[in-house]
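Engineer:
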Amino acid sequence: MANESKPPLIWLNIVLFLSTFIVAIVLVPLYGYFYGYSTAHFVWLVISFTYCGMSITAGYHRLWSHKAYEASKSLKYIYALGGAFALQNSALHWSSDHRVHHKHVDNNDKDPYSAKRGFWYSHIGWMLREYQSERYSDYRNCRDLQKDKVVTWQHKHYLPLALTMNFGVPILLGFLHGDIIGMLLIVGVLRLVLSHHTTFFINSLAHLWGSQPYTNKNTAKDNGLLAFLTFGEGYHNYHHIFENDYRNGIYWWQFDPTKWFIKAASFFKLTSKLKKAPSSKIELAKAKQTLQNTQHSLASCSGTQQALTELENEFLRLTRSVTEFYETKKHFLQISQKGMSESYERSLVAIRLAQAKCELVQQRKQWQALIQLTLTKYSVQKS
Numbered sequence: 001m002a003n004e005s006k007p008p009l010i011w012l013n014i015v016l017f018l019s020t021f022i023v024a025i026v027l028v029p030l031y032g033y034f035y036g037y038s039t040a041h042f043v044w045l046v047i048s049f050t051y052c053g054m055s056i057t058a059g060y061h062r063l064w065s066h067k068a069y070e071a072s073k074s075l076k077y078i079y080a081l082g083g084a085f086a087l088q089n090s091a092l093h094w095s096s097d098h099r100v101h102h103k104h105v106d107n108n109d110k111d112p113y114s115a116k117r118g119f120w121y122s123h124i125g126w127m128l129r130e131y132q133s134e135r136y137s138d139y140r141n142c143r144d145l146q147k148d149k150v151v152t153w154q155h156k157h158y159l160p161l162a163l164t165m166n167f168g169v170p171i172l173l174g175f176l177h178g179d180i181i182g183m184l185l186i187v188g189v190l191r192l193v194l195s196h197h198t199t200f201f202i203n204s205l206a207h208l209w210g211s212q213p214y215t216n217k218n219t220a221k222d223n224g225l226l227a228f229l230t231f232g233e234g235y236h237n238y239h240h241i242f243e244n245d246y247r248n249g250i251y252w253w254q255f256d257p258t259k260w261f262i263k264a265a266s267f268f269k270l271t272s273k274l275k276k277a278p279s280s281k282i283e284l285a286k287a288k289q290t291l292q293n294t295q296h297s298l299a300s301c302s303g304t305q306q307a308l309t310e311l312e313n314e315f316l317r318l319t320r321s322v323t324e325f326y327e328t329k330k331h332f333l334q335i336s337q338k339g340m341s342e343s344y345e346r347s348l349v350a351i352r353l354a355q356a357k358c359e360l361v362q363q364r365k366q367w368q369a370l371i372q373l374t375l376t377k378y379s380v381q382k383s
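Just so we're aligned, residue 1 is where the sequence shown starts under the UniProt record's numbering, counting upward by one.
1. Pick helix, strand or coil for R247, following the three-state DSSP scheme.
2. Anyone know if the C-beta pair for L308 and W367 falls short of 7 Å?
3. On a CA-only basis, which of G83, V322 and S5 is nearest A199? Give me that one, please.
4. Determine the DSSP secondary structure at A2, reduced to helix, strand or coil.
5. CB-CB under 7 Å to L291, same chain, minus the five flanking residues each way: which ones, in chain order?
6. Please name the residue in I180, L270 and I351 whose C-alpha comes closest to that of I78.
7. Starting from K82, trace the alpha helix (DSSP H) both ways and give me its first and last residue.
8. Output the boundary residues of the alpha helix (DSSP H) element that contains A307.
9. I want to know whether the segment 200–213 touches the segment 42–53 - three or more CB-CB distances under 8 Å.
10. Tell me T20's beta-bridge partners as DSSP assigns them.
11. If you draw a straight line from the alpha carbon of W11 to that of F261, how long is it in whole angstroms?
12. Below 8 Å on the Cβ atoms is my guess for A227 versus D256; work out the distance and round it to an integer in Å.
13. Taking only three categories from DSSP, how would you classify E233?
14. Tell me the residue span of the alpha helix (DSSP H) that contains F268.
15. Once you ignore the five residues that flank L298 on each side, which residues in its own chain have a CB closer than 8 Å to its CB?
16. Starting from the C-beta of H239, find all residues in its chain whose C-beta is less than 6 Å away, skip the five residues before and the five after it, and write them out in chain order.
17. Can you tell me whether A264 is buried or exposed, with buried defined as 16 or more other CB within 10 angstroms of its CB?
18. At a cut of 8 Å, does the segment 8–26 reach the segment 185–199 through at least three beta carbon pairs?
19. Tell me the DSSP secondary structure of R143 in three-state form.
Next comes the structure, spelled out in structure tokens:
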């Protein structure tokens, strides 16, 4: 492995990433020091950064890569232009890479930006050499997207679209506000560098830093800070187990503006068929991971067989309660939708649903209490 020659460098990417980064950290502050920036510069920086970021998260990622919802043609064109503005390749190419990543996550030979190859590689290194040259134009995993006229249009015209957006928009804003160079630096270069590296954080930091409440079968982590920087993409552990959910942050208090935008757009018929993972699967995935974490904590302790058996039995009881509640709830909703609001069957199911809910609430309390009691008991032994 050590004797294998490295793939050829991709000089275009190297020059692009290096030059824009140098301009952002050197020329941007120098120009500001000598000439100053107005409020308009920073307002348009935020607007353009948000437009690029949301075009990637809501468009490239959740719409085209994962088919988590459907969007109107007009919204797709907005995403396509924003994606070209973000300068992260075409939606077709981006989605193809991302689907390979999910299919082969953490496989150093197949995952295009495997986090197990280190921070640098997963963040930017994978784009600096011809690591994927053998499949660069292989879009067989995106046959559905090749039937999407907006995706194929953007892919065919990606270069002129990218140049128009990255030079045309800052120049136009500069003309309107009387500072073309300043807008090129702020809305052109600084916005591009911020857009690039915050997106790249999802491939790197979101696989290295955070918690794993839903699964530890891969390196993906949940991280609230990264969610703030990436328009909600930081809840990556959840995303890797429920990739077709249009949400990444599933709780109301989790920062996920991409989710909020997609939901809000549905009220205006711009989005539809929003997919959500079943609540029962989400709850059981979290409970299963809690069980595994507790089992791991007890692995170095002695005399834990009885405690482990009790945990497994309690988990089975929780599983039955969760399944019973959500199946009864589904049945109740089906009856209600059929207009059987006054029927005898609906009344019986309503009673059973109320009972199932009470049992589930009690079972959740017992589960949490047992976990806490077990960890407390054996933490004393460890100390």
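Just so you know, even glycine gets a beta-carbon here, dropped at the ideal spot from N, CA and C.
Structural biologist: Taking the definition as stated:
1. If DSSP states are grouped into helix, strand and coil, R247 belongs with coil.
2. In this structure, L308 lies away from W367, with their beta-carbon atoms at least 7 Å apart.
3. According to the sequence displayed, residue 199 carries Thr and not Ala. If we check each option's Cα against that of T199, G83 comes out closest.
4. Confidence in A2 is poor, its pLDDT being 46 and thus under 50, which makes the residue's placement too unreliable to answer from.
5. Excluding sequence neighbours, L291 sits near L311 and F315.
6. Here the closest residue by C-alpha is L270.
7. Here residue 82 turns out to be Gly, not Lys, going by the sequence shown. Segment K73 to A86, the alpha helix (DSSP H) holding G82.
8. Looking at the DSSP string, the run of the alpha helix (DSSP H) that includes A307 is Q305 to Q337.
9. Touching, no, given that fewer than three Cβ pairs across the two stretches are closer than 8 Å.
10. Note: T20 sits in no beta bridge, so no partner.
11. W11 and F261 have their alpha carbons spaced roughly 37 Å apart.
12. The C-beta distance from A227 to D256 rounds to 7 Å, short enough to meet the 8 Å contact threshold.
13. Here E233 sits in coil by DSSP.
14. Element bounds for F268: n/a, residue is neither H nor E.
15. Here the set comprises T304, A307, L308, T374 and Y378.
16. Scanning its chain for C-beta atoms nearer than 6 Å, with the 5 sequence neighbours on each side dropped, one finds around H239 the residues N248, in chain order.
17. Classification for A264: exposed.
18. Counting C-beta pairs with one atom in each stretch, the segment 8–26 and the segment 185–199 have three or more that are closer than 8 Å, which means they touch.
19. Residue state, collapsed to three classes: coil.
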